[in-house]
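Under my numbering, think of the first position of the sequence shown as 32, with each following residue one higher. All C-beta atoms in this analysis are idealised placements derived from N, C-alpha and C, irrespective of residue type, glycine included. What you are looking at is a predicted structure, and each value in this text was computed from that prediction instead of being measured. Inspection log for the structure reproduced underneath, given as structure tokens.
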Amino acid sequence: MAYLLDANVFIQAKNLHYGLDFCPAFWDWLTFNNVSRKVFSIERVSDEIKAGDDELTDWVAKCSPDFFLKPDNAMLSVLSKVSDWATSQNYEPTAVNTFFQVADYYLVAYALAHKHTIVTHEIASTSYKKIKIPNACIGLGIKCINPFEILRLERARFILEPYR
32 MAYLLDANVF IQAKNLHYGL DFCPAFWDWL TFNNVSRKVF SIERVSDEIK
82 AGDDELTDWV AKCSPDFFLK PDNAMLSVLS KVSDWATSQN YEPTAVNTFF
132 QVADYYLVAY ALAHKHTIVT HEIASTSYKK IKIPNACIGL GIKCINPFEI
182 LRLERARFIL EPYR
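The structure is reproduced here in structure tokens:
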């Protein structure tokens with residue numbers, strides 16, 4: 032099984048639980064699992080992160096070109112299915128337009144096309160003001176988990192080095 036990470040996974044990891052300065056094991060785990068073909072994201076997520084122009088941007092720049100996947104024919108062929116779902120759900124027009132303009136739309140389409148699991152901090156919502164990734168996943172039959180679930184499922188272990 033492969034996982035696609037939402038931008039908020041990287042951003043919240045950097046800002047909260049797994050800062051690049053004090054928890055390099057998390058970032059190494061991502062890189063290792065990308066090489067193992069388990070963990071990816073998409074080019075649009077990379078673009079969102081690069082807009083931050085910080086140490087996370089530097090980390091993204093050092094990633095393998097295979098970490099942030101480019102659109103492919105399979106993904107492009109299901110964009111209309113994702114679009115049809117979004118426009119048929121009674122979301123406010125602004126919510127639908129915003130969804131089509133941000134990485135979420137492409138992340139959902141890539142996951143649908145390749146049967147990947149999406150990893151995000153977002154939670155499903157009954158609001159019609161914003162399309163949340165978990166709602167799109169439910170509607171389209173895509174598995175969606177939070178970052179702590181992937182770490183448990185993949186048995187990640189961040190071992191503290193002995194103090195010297």
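In the three-state DSSP reduction, Tyr122 falls in the coil class, being neither helix nor strand.
Every alpha helix (DSSP H) stretch that sits fully inside the segment 86–141 and reaches 4 residues is listed by chain position as 86–93, 104–118, 124–132. The Cβ neighbour count for Asn128, taken over all protein chains shown within 10 Å, is under 16; the residue is labelled exposed.
For His152, same chain residues with a beta-carbon under 8 Å away, outside a window of 5 residues either side, are Asp37, Asn39, Val40, Gln43, Asn177, Pro178 in chain order. For Phe41, the enclosing alpha helix (DSSP H) covers residues 38–43.
A Cβ-Cβ separation of about 6 Å places Leu138 in contact with Ile73 under the 8 Å criterion. In this structure Tyr141 is in contact with Leu35, their Cβ atoms being roughly 6 Å apart against a cut-off of 8 Å.
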